[in-house]
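Q: Each number in the working numbering corresponds to the 1-based position in the sequence shown with 247 added.
For every residue, glycine included, the Cβ atom is placed at its ideal position computed from N, Cα and C.
Please read all numbers here as calculations on a predicted model, not as lab measurements.
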Amino acid sequence: MFLGTHTPRLDDKGRLILPAKFRDELAGGVVITKGQERCLYVFPMPEFQRIAEQLRAQPMTSKAARAYSRVFFASAHDEVPDKQGRVTIPSHLREYAALDRDLVVIGASTRVEIWDKAAWESYLAESEDEFADIEEGVLPGGL
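Written as structure tokens, this is what we have:
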């Protein structure tokens, strides 16, 4: 499980050093793809394969499933982190997420998310009040 918030920097070659606490689980390979709210999703290969199976199980007649699958898979980039725990973020993904030098990398349970620092701060400022006010409905039965 991926947890926590980290603030690495993108180097001049578009590489990111993965947070040390995530490296063991990601050492076997990752898939980086477009996520919601203009962040990037980073999946360990087994989790990406699980999601791919779920998407394959959707009927081809579902327009939403086709559209989501096209973007999700077409933008995906697979890579094995190097010995320093670095991965290269392709330019099309950096552009999608408006990544500059300063990043925020968060653990989001079964995936890692990569955000531009300013975008994350804006998202968090907008979302924390909503989070504080949610009473029910997200977790069946509550906490």
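Mind listing, in chain order, the continuous beta strand (DSSP E) runs of no fewer than 3 residues lying wholly within the region 273-315?
A: Listed in chain order, they are 277-281, 287-291.
Q: From which residue to which residue does the beta strand (DSSP E) around alanine 355 run?
A: Looking at the DSSP string, the run of the beta strand (DSSP E) that includes alanine 355 is 350-355.
Q: Tell me, which residues are paired with phenylalanine 249 by DSSP?
A: BP columns for phenylalanine 249 point to Ser356.
Q: Comparing C-alpha positions only, which one of Thr280, Glu368, Asp376, Leu265 sits nearest to leucine 340?
A: For the residues Thr280, Glu368, Asp376, Leu265, the minimum Cα distance to leucine 340 belongs to Thr280.
Q: Are isoleucine 361 and leucine 263 touching if we call contact CB-CB under 8 Å?
A: Cβ atoms of isoleucine 361 and leucine 263: closer than 8 Å.
Q: Pick helix, strand or coil for leucine 371, following the three-state DSSP scheme.
A: It is helical.
Q: Count Cβ pairs between the region 345-362 and the region 248-258 that sit closer than 8 Å; are there 3 or more?
A: With the cut-off at 8 Å, the region 345-362 and the region 248-258 touch.
Q: Do you know offhand how far lysine 260's Cα is from threonine 335's?
A: Roughly 8 Å separates the two Cα atoms.
Q: What distance in whole Å lies between the Cβ atoms of valine 277 and glutamate 342, which are believed to be in contact at a cut-off of 8 Å?
A: With a Cβ gap of about 19 Å, glutamate 342 and valine 277 do not count as contacting.
Q: Report the residue from Arg348, Phe319, Pro291, Leu287 whose alpha carbon sits nearest the alpha carbon of leucine 302.
A: Minimum Cα distance to leucine 302 is reached at Phe319.
Q: Ordered along the chain, which non-local residues of its own chain (more than five positions away) have a Cβ less than 6 Å from that of phenylalanine 290?
A: Excluding residues within five positions, the ones whose Cβ falls inside 6 Å are Val278, Arg358.
Q: Could you please give the first and the last residue of the uninterrupted alpha helix (DSSP H) stretch that includes leucine 263?
A: Where leucine 263 is concerned, there is no enclosing alpha helix (DSSP H), although the beta strand (DSSP E) it sits in stretches over 262-264.
Q: Use the C-beta contact count for alanine 344: other C-beta atoms within 10 angstroms, 16 or more gives buried, fewer gives exposed.
A: Burial call: buried.
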